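Colleague: Below you'll find the structure I mean.
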Amino acid sequence: MKLNKKDIANIRKQFKINNDLLKINDIFNVYIMKESSEIYHHQSVPFDLLEEEQKDLFMTNFKKVLTGQLDEKLFELKFQRDVEDSSQLILHQGILSNDTEEWKGQMLRLVEKMLKDKQYEMDIVVTFIQGEYMKPMKRSNEDAEESSRDAVYSNKFILCSMNKTQDPKKELLFDYVEKEFKYNIVVDPVINLKAPISGFLFPTFTENAADVNHVLYSAGKAYELNYHFIEEVLNAEETMTAEDDKVVFEEIVKKVSGDQINTSTLSNVYDEIHRVIEEHEEDDIPRLDYKDVESVLKSSGIEDVDTEKVETAFKTVIDDEKYELKASSIIPKYNKKSIKIKTKVADIKVSPEDLRFVKQIHFDGKLSLMIELEENTMIEGFEMIPEALVQKAKVEEE
């Protein structure tokens with residue numbers, strides 16, 4: 018079973034101070050100098066010994082690592098097999114280790130991978146935590162009177178956050194005692210914990226069960242994956258983003274039906290995929306293989322579609338006829354104005370469900386965009402008067 022956004026949300030919301038469902042044992046910070054491949058300093062401390070303000074800063078940072086849409090910013094990655102000095106094994110040993118020095122040594126092996134054949138343009142701080150995540154078991158009505166904390170699912174984990182440093186701000190201060198303005202001179206770099214540039218959680222969790230064969234990778238920004246980190250540091254397999262899936266689907270449709278399509282047919286395609294998504298449970302993300310795509314295209318009114326055509330298109334576009342597209346990735350956000358139609362005259366935004374009301378037509382020898390409306394439009398406070406263009410054209414012909 019695949020990881021879903023609910024699983025991630027359940028873990029993310031636990032990262033808060035004084036939460037008895039989350040226990041963080043140690044925090045290990047490693048400082049890396051820019052334009053070098055060396056560790057400048059590293060330091061480990063029990064998390065409970067940090068000041069409350071520091072704890073709060075780190076908790077917010079860890080939440081940031083676990084924030085984002087799946088297949089856009091967060092990615093469940095499968096570990097490569099038969100890899101020398103496997104990161105999967107290092108992380109698994111790190112989870113099982115009860116000795117702080119041993120755990121630090123394992124995390125430093127990961128940092129060495131981060132530095133191999135790689136230099137950073139700014140100072141970097143890599144933070145590791147070793148902790149335990151607990152989730153109360155669901156109880157039957159007979160046990161409702163008992164405490165929900167009596168029985169819990171318990172899973173150990175390691176979370177990593179990579180953060181860049183930035184130069185301190187140059188500021189002017191006023192000294193109340195001396196009654197004078199002073200230039201604030203700060204030479205220490207500031208660690209930006211508000212925007213981690215990368216990170217991961219190991220293992221992944223699906224419905225309270227730990228999966229040590231996968232790792233949750235967090236990119237700094239949506240669709241901006243660090244493939245060196247994925248392949249060389251985590252030793253994980255390459256992945257497809259939601260954006261990649263969308264492009265693959267578009268190319269498959271073009272191979273099957275051609276480059277041109279009208280808005281009514283495209284709207285039918287989006288409606289059909291949305292129906293498939295709606296028919297599945299919220300936590301069960303549907304995936305479409307070539308047979309599913311064939312069914313979608315046929316139901317949408319696209320002609321001359323058959324199994325062989327679609328299977329061949331999969332093979333041609335992605336070189337894998339057994340590949341499955343994530344349904345939610347291949348259509349724009351259904352109930353939002355997520356489709357942008359750009360023209361020289363104007364840009365229009367429309368939702369997939371309303372795309373059928375937009376048509377490209379030839380009128381009076383000119384290419385036009387027609388939008389079907391339910392009421393008169395307002396422009397700069399004025400109500401527009403409908404113009405009978407068809408009648409006007411006939412009059413001009415006479």
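Residue numbering for the sequence shown follows my numbering, starting at 18 and increasing by one per position. Quick reminder that beta carbons are idealized off the backbone N, C-alpha and C, glycines included. Please read these numbers as outputs of a predicted model, since none were measured by experiment.
In the structure shown, what three-state DSSP assignment does TYR244 receive?
Modeller: Helix.
Colleague: Are SER274 and ILE335 touching if we call contact CB-CB under 7 Å?
Modeller: No, the Cβ-Cβ distance between SER274 and ILE335 is not below 7 Å.
Colleague: Quick check: the Cα distance between ILE247 and ALA236, rounded to an integer number of angstroms?
Modeller: The straight-line gap from Cα to Cα measures roughly 10 Å.
Colleague: Could you tell me if ASP288 is buried or exposed, where buried requires 16 or more neighbouring beta carbons within 10 angstroms of its beta carbon?
Modeller: Answer is buried; the Cβ neighbour count reaches 16.
Colleague: Can you tell me whether SER61 is helix, strand or coil according to DSSP?
Modeller: Note: SER61 maps to strand in three-state DSSP.
Colleague: Beta-carbon within less than 7 Å of SER178's beta-carbon, same chain only, minus the 5 sequence neighbours each way: which residues are those?
Modeller: Counting only Cβ-Cβ distances below 7 Å, and skipping sequence neighbours, we find ASN78, PHE79, VAL82, THR144, PRO213, GLY216.
Colleague: Spell out the partners DSSP gives ARG304 in its beta bridges.
Modeller: Answer is LYS343, bridged to ARG304.
Colleague: Locate the alpha helix (DSSP H) running through ALA330, then write down its first and last residues.
Modeller: Element bounds for ALA330: 324-335.
Colleague: Taking MET257 as the reference, which of PHE92, ASP65, ALA26, LYS23 has the closest Cα?
Modeller: Per the Cα distances, PHE92.
Colleague: Under 6 Å from any heavy atom of the ligand MN, does the C-beta of LEU390 make it?
Modeller: Only the bare structure without any ligand can be found here, which leaves the ligand MN out of the picture.
Colleague: Can you give the Cα-Cα distance for ARG292 and ALA363, rounded to whole angstroms?
Modeller: Near 31 Å, if we compare the C-alpha coordinates of ALA363 and ARG292.
Colleague: Ends of the beta strand (DSSP E) at ASN46?
Modeller: Start and end: 39-49.
Colleague: Just grab the DSSP bridge partners of ASN279 for me.
Modeller: None; ASN279 has no bridge partner.
Colleague: Taking all protein chains shown into account, do 16 or more other C-beta atoms lie within 10 angstroms of the C-beta of ILE396, making it buried, or fewer, making it exposed?
Modeller: Counting Cβ neighbours within 10 Å, ILE396 comes out exposed, since fewer than 16 surround it.
Colleague: Tell me, to the nearest whole angstrom, how far the beta carbon of ILE425 is from that of LYS181; I am working on the premise that it is less than 8 Å.
Modeller: For the chain, the structure presents residues 18 to 415; residue 425 sits outside this window and is missing.
Colleague: What span of residues does the beta strand (DSSP E) with GLY216 cover, start to end?
Modeller: From DSSP, the beta strand (DSSP E) with GLY216 extends over 215-219.
Colleague: With a cut-off of 8 Å, do at least 3 Cβ pairs link the stretch 121-140 to the stretch 54-62?
Modeller: Touching, yes, given that three or more Cβ pairs across the two stretches are closer than 8 Å.
Colleague: What residue ranges within the stretch 177-231 form continuous beta strand (DSSP E) runs of no fewer than 3 residues, ordered along the chain?
Modeller: You should have 188-192, 197-201, 215-219, 221-223, 226-228.
Colleague: Secondary structure at ALA363, three-state DSSP: helix, strand or coil?
Modeller: Correct three-state label for ALA363: coil.
Colleague: Under the assumption that ASN243 contacts PHE96 (Cβ atoms under 8 Å), give the Cβ distance between them as a whole number of angstroms.
Modeller: About 17 Å separates the two Cβ atoms, so there is no contact after all.
Colleague: Any idea which residues DSSP pairs PRO153 with across the strands?
Modeller: Note: PRO153 sits in a beta bridge opposite VAL169.
Colleague: Using only CA atoms, which one of SER317, ARG304, VAL232 lies nearest to VAL270?
Modeller: Per the Cα distances, SER317.
Colleague: If contacts are defined as beta-carbon pairs under 8 Å, then ILE358 and ILE347 qualify, I think. What distance do you get, rounded to the angstrom?
Modeller: The Cβ separation is near 19 Å, so there is no contact.
Colleague: Is the separation between the beta-carbon of GLU89 and that of ALA239 shorter than 7 Å?
Modeller: In this structure, ALA239 lies closer than 7 Å to GLU89 by Cβ.
Colleague: Which ranges would you report for the alpha helix (DSSP H) in the stretch 63-106 if only whole runs of at least 4 residues count?
Modeller: As far as the stretch 63-106 is concerned, its whole alpha helix (DSSP H) runs of at least 4 residues are 69-82.
Colleague: Considering only residues of the same chain and omitting the five flanking positions on each side of GLN105, which have a CB-CB separation below 6 Å?
Modeller: Excluding positions up to five away in sequence, the list reads PHE96.
Colleague: ALA26 by DSSP, collapsed to three states: which one?
Modeller: Three-state result, ALA26: helix.
Colleague: Hey, VAL286 and GLU311: beta-carbon distance below 7 Å or not?
Modeller: Going by C-beta atoms, VAL286 is not nearer than 7 Å to GLU311.
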